[in-house]
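Residue numbers (the numbering used here), protein chains in the order written: chain A, 1 to 163; chain B, 1 to 382.
Working notes, beginning with the structure itself.
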Ligand SMILES: [Zn+2]
């Protein structure tokens, strides 16, 4: 008699068509011309980048488009030391970056700086792919890198939180 | 509202890979123990409430349908609850509501995860179109928030190490715990590799197979079984990507605690609650949740850890079972917290029993610190 089957492994695969929606589509199209756009909530005035078409706090549509800078401030970060499928080589710094003019940090890769030199409050800017490679994807931003400007004081960083 | 009591508690031995059982066998093991504890059989159960983490983990859609037979639920109301990592807690809350509504007298609630048949790291790091894959699993998500907590509170850098040691030592007293690290030391935790700086390997939860089950009953049934009486239940959530959101001290967690304390008549949680079993998948979340739950002033949670207040023999024991840091069958992890609180107030926690525990808090959270579930239980009938 053969051994009983106690387990099976069946790899799963899911193919799908991604539809970003109206707000995110506009965001992605503008990224292709090195422009970062968000949307401002008509009620609480928070600027969402990327825009979602509505404000999760107020539950109202957001229609006013706002262009924000491609530079910002690191609010917090972590140093990733373990690789995973498809990740950039470790160690790398994954940072929460509050772009100037935005009210919500986005997570970005920091490069051209040693991990131990990264600080909360550090000023950073986007490094774009060469113009001929620009496309409607966040991958058009290769990574963020320090600008060399003085750090933003922690109290200033905290202002974006309602707490 | 009808009274509800926990009259049966069961859990599996948690382990890296329970190759001796299928998923159905796993949930059944916990359910049978809960039934035995309650002195009931399958036919006594009127409804079943099941919880587990997202289907993508094991790649099995709507597992409640497949598990209906194993859980004796055929022909009975069977409800599945989904709230990410907090699901074990919110599943117990839903089960309690089944009884409190007066509609059911005996409800079986079960939660599970079989991580050996899943790939949580993969499930939590999907390739999102048009974005760079840089957030590596749960650790990669929570590490920046822990860094911000450390900055804000000015906590010494070894607090996370102390929590990790305490919980692993507590686990040695819990026969069901997954990690049993005899002789573990502070030095060992401190020297473990830093995976997602500032999180070290031994400050992380393991990946476990396991299940937890409870039988909840109405007042007339429960009174005979030395129950843990449910004094309050609450669930709150908030959006992940909300501008101005404080991920370190989330409003949903504060509101959830406030609601559950109000129901349970708790005015001063630090003095009124005898023990807390909270969801701490990364050690630094102990001080963070102590603050969020109102046990201490903002910025001072780490002092309770440092002063030994949260030790098993401390003034406010936290994670007596060894916690999520010692066993993490994700879907079941929240229910294990709720079950431990109930075990404590029933005086049945064995070697990890807190002397004279009368009121216990069970806490679970999930998603990006956005889903919360809590209950307060008491050994004394309200
Ligand atoms: Zn708004």
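Every residue gets a Cβ at the ideal spot worked out from N, C-alpha and C, and that includes glycine.
Owing to the predicted nature of the structure, the values given are computational and were not obtained by experimental measurement.
Ranking 60(A), 120(A), 25(A), 85(A) by CA distance to the CA of residue 40(A) puts 60(A) first. Taking non-hydrogen atoms of ligand 1 into account, the C-beta of residue 40(A) is found less than 6 Å away from none of them.
Secondary structure note for residue 268(B): it is in no alpha helix (DSSP H), with a DSSP letter that is neither H nor E.
DSSP lists 125(A) as the beta-bridge partner residues of residue 145(A). Between residue 56(A) and chain B, the shortest Cβ-Cβ separation is below 7 Å. Around residue 135(B), the beta-carbon contacts reaching into chain A at under 8 Å are 94, 107.
For residue 55(B), DSSP records no beta bridge to any residue.
Annotated as proximal: residue 90(A) and residue 81(A), with beta-carbon spacing under 7 Å. In this structure the stretch 194–212 of chain B lies against the stretch 319–333 of chain B, because at least three pairs of beta carbons, one per stretch, are closer than 8 Å. Per the Cβ contact rule, the stretch 132–152 of chain B is not in contact with the stretch 231–241 of chain B (fewer than 3 Cβ pairs under 8 Å).
Segment contact: the stretch 95–105 of chain B against the stretch 210–218 of chain B, three or more CB-CB distances shorter than 8 Å; contact assigned.
Closest in alpha carbon position to residue 128(B), among 121(A), 132(A), 133(A), 139(A), is 139(A). Close partners of residue 59(B) in chain A (Cβ separation under 8 Å): 10, 12. Residue 186(B): member of the alpha helix (DSSP H) spanning 186–191, first to last residue. Restricting attention to 351(B), 97(B), 52(B), 310(B), the CA atom closest to the CA of residue 275(B) is found in 310(B). Around the beta-carbon of residue 39(B), fewer than 16 other beta-carbon atoms lie within 10 Å, marking it exposed. Secondary structure within the stretch 222–292 of chain B: the beta strand (DSSP E) runs of 3 or more consecutive residues, fully enclosed, are 228–237, 275–277 (chain order). Taking 9 Å as the cut-off between beta carbons, the residues of the stretch 59–88 of chain A near chain B are 75, 76, 77, 78, 79, 80, 81, 82, 83, 84, 85, 86, 87, 88, in sequence order. Per the DSSP secondary-structure output, residue 106(B) pairs in a beta bridge with 217(B). Assignment of residue 169(B) by DSSP, reduced to helix, strand and coil, places it in the helix class. Between residue 37(A) and residue 67(A), the CB-CB gap stays under 7 Å. At a cut-off of 7 Å, the C-beta of residue 103(A) has a neighbouring C-beta in chain B. The beta carbon of residue 376(B) lies closer than 6 Å to those of 231, 232, 260, 264, 361 in the same chain, with the five residues before and after it left out.
Taking the beta carbon of residue 119(A) as reference, no residue of chain B falls within 9 Å; the closest one sits roughly 10 Å away. Nearest in C-alpha terms to residue 139(B), of all of 197(B), 179(B), 168(B), is 197(B). For a Cβ distance threshold of 8 Å, residue set 130 of chain B lies close to residue 28(A), ordered along the chain.
When DSSP reads this structure, residue 41(A) sits in no beta bridge, so it has no partner. Within chain A, 78 have C-beta atoms less than 7 Å from the C-beta of residue 143(B), given in sequence order. Here residue 344(B) is near residue 354(B), since their CB atoms are less than 7 Å apart.
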